[in-house]
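All remarks here apply to the structure that follows.
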Amino acid sequence: MIQIKNARFFYDGKRIRENVDVVIDDGDNVRVGHDKTDLVVDGAGKILMPAFFNAHTHLPMIIMRGNHEDQYFHDWLAGVWKVEEKLTPEIVYHASVVSIAENLRGGVTSAISMYFFYEETARAVEEFELPYYVGPVFVDDHKMGDRVSSAESFFRKRWNYVIPTIFSHAPYTCSPETLETVAELKEKYDVPHQIHVSETREEVVDIKRKYGLYPAEYVDKHAPLDEKTTLVHGGWLTKGELDLIARRGAALVHCPVSNAKLATHGFFPWREAKERGIRIYLGTDSQVSNNTQDMFMEMRMAALTAKNRYWDATVAPVGEVLSAARGPGRMLVDISGLRFFPATRRSILANLVFNGHSDLVTHVFLNGQQRYPFDEVPERRIERSKEFLLNALTDLYVQ
Amino acid sequence: MHLALWQGFDVKAAGIVAPPPDSMIVQHENVIFAAAHAEALGIPAIVSEAGSGEDAEINALREVLQRAKGLYGVEWVVVGALASDYQRVRFNYAAKDVGLCVYTPIWHIEPKKYLRQLVHDGFEFIITRVAAEGLDENWLDRRITKENVDELIALAEEYSFNPAGEGGEYETFVVKTPLYELDVDGRVEGKRFIIEGVKILDSD
Numbered sequence: 005m006i007q008i009k010n011a012r013f014f015y016d017g018k019r020i021r022e023n024v025d026v027v028i029d030d031g032d033n034v035r036v037g038h039d040k041t042d043l044v045v046d047g048a049g050k051i052l053m054p055a056f057f058n059a060h061t062h063l064p065m066i067i068m069r070g071n072h073e074d075q076y077f078h079d080w081l082a083g084v085w086k087v088e089e090k091l092t093p094e095i096v097y098h099a100s101v102v103s104i105a106e107n108l109r110g111g112v113t114s115a116i117s118m119y120f121f122y123e124e125t126a127r128a129v130e131e132f133e134l135p136y137y138v139g140p141v142f143v144d145d146h147k148m149g150d151r152v153s154s155a156e157s158f159f160r161k162r163w164n165y166v167i168p169t170i171f172s173h174a175p176y177t178c179s180p181e182t183l184e185t186v187a188e189l190k191e192k193y194d195v196p197h198q199i200h201v202s203e204t205r206e207e208v209v210d211i212k213r214k215y216g217l218y219p220a221e222y223v224d225k226h227a228p229l230d231e232k233t234t235l236v237h238g239g240w241l242t243k244g245e246l247d248l249i250a251r252r253g254a255a256l257v258h259c260p261v262s263n264a265k266l267a268t269h270g271f272f273p274w275r276e277a278k279e280r281g282i283r284i285y286l287g288t289d290s291q292v293s294n295n296t297q298d299m300f301m302e303m304r305m306a307a308l309t310a311k312n313r314y315w316d317a318t319v320a321p322v323g324e325v326l327s328a329a330r331g332p333g334r335m336l337v338d339i340s341g342l343r344f345f346p347a348t349r350r351s352i353l354a355n356l357v358f359n360g361h362s363d364l365v366t367h368v369f370l371n372g373q374q375r376y377p378f379d380e381v382p383e384r385r386i387e388r389s390k391e392f393l394l395n396a397l398t399d400l401y402v403q
Numbered sequence: 004m005h006l007a008l009w010q011g012f013d014v015k016a017a018g019i020v021a022p023p024p025d026s027m028i029v030q031h032e033n034v035i036f037a038a039a040h041a042e043a044l045g046i047p048a049i050v051s052e053a054g055s056g057e058d059a060e061i062n063a064l065r066e067v068l069q070r071a072k073g074l075y076g077v078e079w080v081v082v083g084a085l086a087s088d089y090q091r092v093r094f095n096y097a098a099k100d101v102g103l104c105v106y107t108p109i110w111h112i113e114p115k116k117y118l119r120q121l122v123h124d125g126f127e128f129i130i131t132r133v134a135a136e137g138l139d140e141n142w143l144d145r146r147i148t149k150e151n152v153d154e155l156i157a158l159a160e161e162y163s164f165n166p167a168g169e170g171g172e173y174e175t176f177v178v179k180t181p182l183y184e185l186d187v188d189g190r191v192e193g194k195r196f197i198i199e200g201v202k203i204l205d206s207d
């Protein structure tokens, strides 16, 4: 249990209160008031607000940040795949540690991470004691039998924190048979499913020509969409696909910074999705296509691109983008600097979206415990992993 | 095309696909007179006639784009798709094959907002075909301006058709832009206004 003293603002996701003392209990419930707690944190000059959920990332790709720039999407992907051939489980573990640490210090308490050597990422997640969605990633490959048996072992294991999840890479890398395998495992183990869909024009044209279906229809045919399915990107979705996604109750993950950086030239259908009651989450995507995991940046970009593309400043309002980024737990954000002036009840949320950044997060709380600043043990773990990676990077790139 | 001009693109040519009457991709009505717009802007028009059916139309579109690329070094094609996924995706089929980027500057703009913005910016158009309940022959050859656009929008709301005619509820011919004006001769025939001649009145 944690006592926040004298928070300048307290935003619970619905209303804003000013200059209050707040208690966070072990079930993450918050209430205005006082109690005997293990920890007292000064909230002066800060806003206490919901922490973030990063709904799409590839945690270990942090090691490639800055090394694959200014390239066309498919050249970029080919370059990334080339480096990935050299990755080892150990590299993926340490990269996951550093990447989770970066997310956490930016207020992210939960994320969906799609990557291979997922057992290593899961190990890091368990050490950090965070509810992260991790699991096997399926693409067409000749070792499908091994892939299935590893996935089944992963799903059978008892995890304390990891939320086991199944991933299929994309319609253009997953045949009907691969998607059907994913669907069987999804149903058998009742796990969430995430897939990249309609990210580029090439994907839409190629899938439509090959199968006579748009990408979301193709996925639905072989791995039926449902409430536990998240479709990532969606910049080229048609309205017929949006109707289908709405009927199935599936959700969309919007990664506006990544889409802009890789010039996928889509148009994320924020308004059309909202009109159909489709849930929208925000994700940073990988650090090679962003290059941050800063959810403030993601909120800002989502709002700005929607307003500009729709010629309508009322689309993607502040409340909607905040809600699309909301995760479990709470965080304190320092708003005492000039960039938040004037920090009033009226202005504070817009200032967070359009003026905030992850370095302003001073504390992160989850399940009634402080998770950032780090205690000694995670701090040592992070330093050890950073040191390991700096050496490993030399082998990856200086050859 | 005007948006592309205003946004500083070097507009090289106008592509015109003359489709059969049942086209799902582009307008059929009076489309050949679209060349007058290219002439007013001082740019060449590239015309291709399409046969019936989706493949034939995409082939004609591909041919126009290929010629635009080959003759004028075009890199982008600007498409005025507002809400039709069918149209947007088919243009991208053809453009992908030819190696062109597609720019859809008005995509998903709320149709009433788009229509009001258009006439506010100085565009005027006549209605050349009516195909929706609520739109009778009296609308044919009627000039839509910022003075009467709300009448059309009110009708669209009353009869639940797309105010911008995106679903083919009505077809149009632009007669005035901020850069030039056209004088159009023609006759009403059933639910159509058949254009017989177009004269450029004023060109900057």
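Chain order of the listed sequences is C and X. The C-terminal position of the first sequence is numbered 403 in the working numbering, with every residue numbered one higher than the one before it. The C-terminal position of the second sequence is numbered 207 in the working numbering, with every residue numbered one higher than the one before it. Glycine included, C-beta positions come from ideal geometry on N, C-alpha and C. The model shown is predicted, which means the values in this text are computed figures rather than measured ones.
Here Val143/C is near Ser172/C, since their CB atoms are less than 9 angstroms apart. Within the same chain, Cβ atoms closer than 7 angstroms to the Cβ of Ile61/X are found at Arg93, Tyr96 and Ala97, the five residues on either side in sequence being excluded.
Of the candidates Pro219/C, Pro321/C and Val223/C, the residue whose Cα lies closest to the Cα of Glu184/C is Val223/C. Listed by position along chain C, the residues whose Cβ is nearer than 9 angstroms to that of Asp139/X form an empty set, because the closest Cβ is around 29 angstroms away. Contact residues of the stretch 235-262 of chain C toward chain X are Thr242, Lys243 and Gly244 (C-beta to C-beta distance below 8 angstroms).
Here Trp79/X carries a strand assignment [DSSP, helix/strand/coil]. Taking C-beta atoms under 8 angstroms as the contact rule, Glu172/X and Leu118/X fail to qualify, at a distance of about 12 angstroms. Listed as beta-bridge partners of Ala255/C by DSSP are Thr234/C and Arg283/C. In this model, Asp16/C and Val337/C are separated by some 14 angstroms (Cα to Cα). Annotation for Ser87/X: no beta strand (DSSP E) segment contains it, and DSSP assigns it neither H nor E. Among the CB atoms of chain C, none fall inside 9 angstroms of the CB of Trp142/X. Contact annotation: Ser389/C and Val101/C have beta-carbon atoms nearer than 9 angstroms. Just so you know, the alpha carbons of Glu106/C and Ile129/X end up roughly 59 angstroms apart. Inter-residue distance for Ile147/X and Phe176/X is about 10 angstroms (C-alpha atoms, whole angstroms). Shown here for Ser55/X: same chain residues with a beta carbon closer than 8 angstroms to its own, the five before and five after excluded, namely Pro23 and Asp25 in chain order. Taking a beta-carbon distance threshold of 9 angstroms, Pro273/C counts as an interface residue toward chain X.
Contact of Trp80/C with chain X by beta-carbon distance below 7 angstroms is absent, the smallest such distance being about 17 angstroms. With a 10 Å radius around the Cβ and a threshold of 16 neighbouring Cβ atoms, Trp142/X comes out buried.
Looking at the DSSP output, Cys104/X shares a beta bridge with Trp79/X. The shortest CA-to-CA distance from Pro166/X to any of Val50/X, Val191/X, Glu113/X and Glu127/X is the one to Glu113/X. In the DSSP assignment, the residues bridged to Ile198/X are Gly189/X. Taking a contact to require three or more Cβ pairs closer than 8 angstroms, the stretch 37-45 of chain C and the stretch 6-13 of chain X do not qualify as touching. Counting C-beta pairs with one atom in each stretch, the stretch 377-391 of chain C and the stretch 26-42 of chain X have fewer than three that are closer than 8 angstroms, which means they do not touch.
Contact note: Glu206/C reaches chain X through Lys99, using a C-beta cutoff of 8 angstroms and chain order. The three-state secondary structure of Asp145/C, taken from DSSP, is coil. Setting aside the 5 residues that flank it on each side, Tyr106/X is surrounded in the same chain by Trp79 and Val81, each with a C-beta closer than 6 angstroms to its C-beta; the list follows chain order. The beta carbons of Ser290/C and Thr61/C sit closer together than 9 angstroms. The Cβ atoms of Gly31/C and Gly372/C lie closer than 9 angstroms to each other.
Beta-bridge partners assigned by DSSP to Glu52/X: Ala21/X. When DSSP states are grouped into helix, strand and coil, Val96/C belongs to the helix group. Using a C-beta cut-off of 8 angstroms, the stretch 152-170 of chain X makes no contact with the stretch 188-198 of chain X, since fewer than three inter-stretch Cβ pairs fall below that distance. Taking CB atoms only, Glu324/C has no neighbour in chain X less than 9 angstroms away.
Between the C-alpha atoms of Ala254/C and Asp298/C there is a straight-line separation of about 25 angstroms.
Nearest to Phe36/X by alpha-carbon distance, out of Lys194/X, Leu85/X, Val178/X and Arg70/X, is Val178/X. Here the stretch 5-21 of chain C makes no contact with the stretch 300-320 of chain C; the two share fewer than three CB pairs at distances below 8 angstroms. His146/C is the residue among His146/C, Lys311/C and Thr398/C whose C-alpha sits nearest the C-alpha of Cys178/C.
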